[in-house]
Amino acid sequence: LETGKALKDSTMEQIGYDYLTHLFQVKAFAKAAALCPKLLFKKTALWERWVLEFAKVQQLALLCRYIPVEEPRLRQAVYDMVLKIFLQSDHENFLYLIKHWPPAIYGIEEVTDALLAYEVRNQANGTLREALAELYILQNRKDLALGIFLQLQRPEVFDFIAKNRLLPAVQDKVVLLVQLDSQQAISLLVDHSDEITPSMVVGQLKEAAERKKGTVKWRMWLHQYLHQLFEVNPNAGSDFHALQIELYAEFAPKLLMNFLTSSNAYPLELAYKICESKGLVQEMVFILGRMGNARQALHLIIEKLGDIPQAIEFVRTQRDDELWEELITMSLASPRMVGSLLESIGSHLNPLHLIHRIPLGMPIPNLRDRLTKIITDSRTQASLIQGCNDILKADRVMLLERLHNDAKRAVPSHQLKFVQGGAAAAHHHQGKK
Numbered sequence: 350l351e352t353g354k355a356l357k358d359s360t361m362e363q364i365g366y367d368y369l370t371h372l373f374q375v376k377a378f379a380k381a382a383a384l385c386p387k388l389l390f391k392k393t394a395l396w397e398r399w400v401l402e403f404a405k406v407q408q409l410a411l412l413c414r415y416i417p418v419e420e421p422r423l424r425q426a427v428y429d430m431v432l433k434i435f436l437q438s439d440h441e442n443f444l445y446l447i448k449h450w451p452p453a454i455y456g457i458e459e460v461t462d463a464l465l466a467y468e469v470r471n472q473a474n475g476t477l478r479e480a481l482a483e484l485y486i487l488q489n490r491k492d493l494a495l496g497i498f499l500q501l502q503r504p505e506v507f508d509f510i511a512k513n514r515l516l517p518a519v520q521d522k523v524v525l526l527v528q529l530d531s532q533q534a535i536s537l538l539v540d541h542s543d544e545i546t547p548s549m550v551v552g553q554l555k556e557a558a559e560r561k562k563g564t565v566k567w568r569m570w571l572h573q574y575l576h577q578l579f580e581v582n583p584n585a586g587s588d589f590h591a592l593q594i595e596l597y598a599e600f601a602p603k604l605l606m607n608f609l610t611s612s613n614a615y616p617l618e619l620a621y622k623i624c625e626s627k628g629l630v631q632e633m634v635f636i637l638g639r640m641g642n643a644r645q646a647l648h649l650i651i652e653k654l655g656d657i658p659q660a661i662e663f664v665r666t667q668r669d670d671e672l673w674e675e676l677i678t679m680s681l682a683s684p685r686m687v688g689s690l691l692e693s694i695g696s697h698l699n700p701l702h703l704i705h706r707i708p709l710g711m712p713i714p715n716l717r718d719r720l721t722k723i724i725t726d727s728r729t730q731a732s733l734i735q736g737c738n739d740i741l742k743a744d745r746v747m748l749l750e751r752l753h754n755d756a757k758r759a760v761p762s763h764q765l766k767f768v769q770g771g772a773a774a775a776h777h778h779q780g781k782k
């Protein structure tokens, strides 16, 4: 029986061999490759023989996806041979096999070294770079794989970083990360500013802005990073607040005032020069006020903005009587400004002081209406003061009556004894003295 079975197996192998040989002779290589799993059974020797036959006629690409990796599992040398042939001639299939073959069946380190050596001699392409990254992942060298994925600008990089906790590996790859997806990268960098510090990020982005094309784009990304960082943690990037003023002035001047009022970590003189170069008058006024140069700030408000209400509010916050005189003096140069001052100064300064200084004959627009308003406001103010005084007097009378009534109230006898006892003890003590 065993002899009969062996004879049958031998006959089937011979038939399979003959048929595959025929297909090779007629160059039906694709059909031969598809029939190999049926004709070669699970015979290791047969598979290894026909892998070599396909290799000889340079048709491994047709067979590679049928080559078994278990039952039967071929010798490692066979798998290594296939990979090295594809490394030289068929990069797509090389990548496919790296992704689908279990790493235990071939010499992964040897294949990796062969790939690196190939890249030294030849120009690397994206397919081989991806294959190298896959080999690194299989060897648990995920930081090296991350570097390749960033070079290839693969969008799954961010998930790869989070899944494998690779933030330390990104510290010197900020430019590649931002170039891949600026918004996602900036959010990542801001959220992990303790691991990837602002100095690391700013240094790399500034260098990129200086040496790469599209300088404006890189400066914009630098601005977005520092802006988001400031919103999350105002002190985290304090070393770069001077640079941030420059970037706000360039890309988001409407946000600059809020930054100036919130930060104390920038040189005032430099901030003033930047704002002056961009014509940002409101910001210049604020900085001058912080520098203690209120007189120059007031001149800017009057001469550049012509905004009397703002000038009045600015002088009020400075609490400087001489500044009020300066404001009046400057306003006298223009009838329009005198009119605006008359209209707004009443609640801050005695209007008579201004009226007495107006030159005779100055044609002030709507003077009568403005004077009427001043008188009305003065009467209203006087009425309010009188009303407040009346309320104060009424409160005083009420409190005095309450005190008088409390003083007339009878004292309970037990409290009276306590008071009398205390008085007697005090008298006795004084007598001893």
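Sequential numbering from 350 applies to the sequence shown in this note's numbering.
We put the CB at the ideal spot given by N, CA and C, even for glycine.
Just so you know, these numbers come straight off a predicted model, no measurement behind them.
Would DSSP call residue i helix, strand or coil?
i, result
"ASP521", "coil"
"THR729", "Note that THR729 has pLDDT 47, beneath the 50 cutoff, so the model's placement of it is unreliable and no number is given."
"LEU412", "helix"
"GLN488", "coil"
"PHE589", "helix"
"TRP567", "helix"
"ILE661", "helix"
"GLU362", "helix"
"GLN533", "helix"
"TRP396", "helix"
"HIS541", "coil"
"ASP367", "helix"
"ILE636", "helix"
"PRO602", "helix"
"PHE509", "helix"
"PHE579", "helix"
"SER680", "helix"
"ARG685", "helix"
"ALA377", "coil"
"VAL746", "helix"
"GLY475", "helix"
"TYR455", "coil"
"ALA775", "Because ALA775 carries a pLDDT of 45, less than 50, the predicted location of this residue cannot be relied on, and no value is offered for it."
"PRO547", "helix"
"PHE390", "coil"
"ALA670", "The question names Ala, but residue 670 is Asp in the sequence shown. Helix at ASP670."
"ARG560", "helix"
"VAL418", "coil"
"ASN341", "Only positions 350 to 782 of the chain appear in the structure, and residue 341 is not among them; the question remains open."
Under 8 Å by Cβ, that's how I've got residue i and residue j pegged, so tell me the actual separation to the nearest angstrom.
i, j, result
"LEU477", "TYR485", "That pair is no contact at about 13 Å."
"LEU649", "LEU637", "7 Å"
"ILE497", "LEU481", "6 Å"
"LYS347", "ALA463", "There is simply no residue 347 to check, as the chain begins at 350 and stops at 782 in what is shown."
"LEU529", "LEU499", "7 Å"
"LEU495", "LEU516", "Between LEU516 and LEU495 the Cβ distance is about 10 Å, and since that is not below 8 Å, they are no contact."
Go through its chain and collect everything with a Cβ distance to residue i's Cβ below 6 Å, but skip five positions before and after it.
i, result
"ASN442", "ALA410, CYS413, PHE435"
"ARG490", "none"
"GLN573", "ILE535"
"ILE545", "GLN520, LEU538"
"PHE635", "LEU609"
"VAL460", "LEU432"
"GLY365", "LEU388"
CB-CB under 7 Å to residue i, same chain, minus the five flanking residues each way: which ones, in chain order?
i, result
"PRO616", "ALA591"
"ARG706", "ILE677, LEU681"
"GLU675", "ARG644, LEU647"
"GLN408", "PHE378"
"TRP567", "LEU554, ALA557, ALA558, LYS561"
"SER438", "none"
"GLN667", "ALA643"
"LEU578", "VAL539, SER542, PRO547, ALA585, GLY586"
Looking only at its own chain, which residues have a Cβ that is under 8 Å from the Cβ of residue i, when we skip the five neighbours before and after it?
i, result
"LEU605", "ILE594, TYR597, ALA598, CYS624, LEU629, GLU632"
"ASP588", "PRO547, SER548, ALA614"
"LEU444", "THR476, LEU477, GLU479, ALA480, GLU483"
"LEU423", "THR393, TRP396, GLU397, VAL400, ILE416, PRO417, ILE454"
"MET569", "PHE600"
"ASP656", "ILE650"
"ASP508", "none"
For residue i, tell me which candidate among the options has the shortest Cα-Cα distance.
i, options, result
"GLY475", "LEU401, ALA381, LEU501", "LEU501"
"GLU505", "GLU479, LEU487, PRO517", "GLU479"
"GLU618", "SER611, ASN642, ALA601", "ASN642"
"ALA426", "TYR366, ALA453, GLY586", "ALA453"
"GLU402", "PRO421, TRP567, ALA381", "ALA381"
"ARG685", "GLU419, LEU672, PRO658, LYS392", "PRO658"
"CYS385", "SER683, THR393, TYR415", "TYR415"
"LEU446", "TYR428, GLU419, SER689", "TYR428"
"VAL431", "GLU419, TRP450, LEU389", "TRP450"
"ASN582", "ARG751, ILE510, HIS541, ARG503", "HIS541"
"LEU571", "ALA585, GLU652, VAL550, GLN472", "VAL550"
"LYS405", "PRO708, ALA383, PHE390, LYS376", "LYS376"
Is the shortest distance between the beta-carbon of residue i and the beta-carbons of chain B less than 8 Å?
i, result
"GLU599", "Looking for chain B here will not work: only one protein chain is present."
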